[in-house]
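Data block below; observations after.
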């Protein structure tokens, strides 16, 4: 479904991605982790073309994201994305946040969009808040709405860019629960996160990055049970031993 | 001061009111036109496409480097040349103000657009909105919300600047007051009254701006 081949990216002279190769199959959940500055957020933003790459190719469902001629707008409408800082539109209600893309991009009628919005918002237990504005919601609530906003577009895959790292600790689980449910429903997911509990529970594979390169790309059990690289061992010992 | 004759104001109220209407409508139309054109210039400047952004930057820098009164003259003499027929001092002044204010508004709007977080644009792109849809539904509504106090302040300055249209013989409020002052020989009364009217309107505007700012930070 998503294939990343020999992708390299530079900011000026600084190389942020070095020859990265990986893939996400249909229905698979892949967790991308690594120390901060390792390029994992950049990598996931390249998958739907929010960040350009200088070398290599990224393909989503047969469409080459990195090709110049690709209609990125159309491709993006089929890939959901959830951001670290939620990025709900602050001047729109929850309902409007969920309807905007459905109506303007997919051309759904107002009634269709509303029905979809209500169904999705109900699934994340936010129906009572549907007329509220993002500023009136907690971080965890906002992120659940943001996930629903992405799902409203009926995406073929979902990208999560550190979805819980801006949240207060007590709100992390309500977001992870939604994500676990989504994974169990068979959604194809690529998730940048430090939540190793989540990774263990639902990830099929873990990609470990360091200094812009993919150091390990292995099945979840193998990664946690027996990491090959010293960098991954060090990383795991640092975040798991507390 | 006890020989002030206020009846001169009352007697000429309809004439003065006509002048004030010209000042106010010129201001209102120039604000609307200036913001519309200024938004375009700001988007051109931020487009990241060299030629477009140079044209916009060149225009803004040119206009901001010449006195308003000169711009008013330019358009008064140049628009009839370009169109081949006169369009009257009101419309030539209006065009001059729109072109002039657009340069200033574009800088305000550019700052406003840049105040919207980049993540908002990403979120718009991620659901498949096009560039124009992102501007229209995501970026500009937030940018304008942040900018309203400054936009109103600029409108107050513009209202004062409309008094410059006397150079193209347009009878705005200032010109009307002047005419009354000279024909009736009542300079003190008329210029005091004119000052009072400008002060009242502009001060009310400033209070409104302060309200807006307080509402924004609250």
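Protein chains in written order, with the working numbering: chain B, 1 to 242; chain F, 243 to 460.
C-beta: ideal position from N, C-alpha, C; glycine also.
Chain-ordered, the chain F residues with CB closer than 7 Å to the CB of residue 91 (chain B) read 383, 384, 387. Here residue 440 (chain F) is buried: its Cβ has 16 or more other Cβ atoms, across all protein chains shown, within 10 Å.
Secondary structure at residue 28 (chain B): coil, using DSSP grouped into helix, strand and coil. For residue 82 (chain B), the enclosing beta strand (DSSP E) begins and ends at 79-82. DSSP places residue 21 (chain B) within a strand segment (E or B) once states are collapsed to three. Residue 9 (chain B) is bridged by DSSP to B:17. Between the beta-carbon of residue 383 (chain F) and that of residue 455 (chain F) there is about 19 Å, and that puts the pair past the 8 Å contact cut. When Cβ-Cβ separations below 7 Å define contact, residue 153 (chain B) makes contact with chain F. Only those residues of the stretch 57-82 of chain B whose C-beta falls short of 7 Å from the nearest C-beta of chain F are listed: 73, 74, 76, 77, 81. Residue contact with chain B for residue 380 (chain F): present (Cβ-Cβ distance below 7 Å to some residue of chain B). At a cut-off of 7 Å between beta-carbon atoms, residue 28 (chain B) makes no contact with chain F. Contact check between the stretch 354-371 of chain F and the stretch 65-85 of chain B: three or more CB pairs, one atom from each, fall below 8 Å, which counts as touching. Two segments are said to touch when three or more pairs of C-beta atoms, one from each, lie closer than 8 Å; by this definition the stretch 319-334 of chain F does not touch the stretch 270-281 of chain F. The beta carbon of residue 6 (chain B) is closer than 8 Å to those of 19, 20, 21, 55, 56, 57 in its chain, skipping five residues each way along the sequence. By the neighbour-count criterion, in which 16 or more other beta carbons inside 10 Å mark a residue as buried, residue 360 (chain F) falls on the exposed side. In terms of Cβ geometry, residue 47 (chain B) and residue 40 (chain B) do not form a close pair [threshold 7 Å].
Chain-ordered listing is empty here: chain B has no CB closer than 7 Å to the CB of residue 292 (chain F), the nearest sitting near 17 Å.
Listed in chain order, the positions of the stretch 96-119 of chain B with a beta carbon within less than 7 Å of a beta carbon of chain F are 100, 101, 104, 105. No residue range can be given for residue 87 (chain B), since it is assigned to no beta strand (DSSP E) and is classified by DSSP as neither H nor E.
Residue pairing from DSSP places residue 208 (chain B) in a beta bridge opposite B:33, B:216.
Runs of the alpha helix (DSSP H) lying entirely within the stretch 339-387 of chain F and spanning at least 4 residues, in chain order: 360-368. When C-beta atoms of the stretch 175-185 of chain B are compared with those of the stretch 99-106 of chain B, fewer than three pairs fall below 8 Å, so the two segments do not count as touching. Straight-line spacing of the CA atoms in residue 167 (chain B) and residue 122 (chain B) works out to 21 Å.
With respect to chain B, the C-beta atom of residue 457 (chain F) has no partner C-beta closer than 7 Å. At the C-beta level, residue 400 (chain F) and residue 269 (chain F) come within 7 Å of one another. Our two residues, residue 419 (chain F) and residue 328 (chain F), have alpha carbons roughly 26 Å apart in a direct line.
In the structure shown, residue 225 (chain B) falls within a helical segment according to DSSP collapsed to helix, strand and coil. Residue 335 (chain F) sits close to residue 407 (chain F), with the two beta carbons spaced by under 7 Å. A Cβ of chain F is located within less than 7 Å of the beta carbon of residue 87 (chain B). According to the DSSP assignment, residue 314 (chain F) belongs to no beta strand (DSSP E) but to the alpha helix (DSSP H) extending over 310-325. About 31 Å separates the beta carbon of residue 142 (chain B) from that of residue 224 (chain B), a gap too long to meet the 8 Å contact definition. Unbroken beta strand (DSSP E) runs of no fewer than 3 residues, entirely contained in the stretch 31-75 of chain B, are found at 55-60, following chain order. The straight-line gap separating the alpha-carbon atoms of residue 61 (chain B) and residue 25 (chain B) is approximately 10 Å. At least 7 Å separates the beta-carbon of residue 145 (chain B) from that of residue 206 (chain B). If you check each beta-carbon in the stretch 162-182 of chain B against every beta-carbon of chain F, none falls closer than 9 Å. Residue 68 (chain B) sits exposed, since fewer than 16 C-beta atoms from the chains shown fall within 10 Å of its C-beta.
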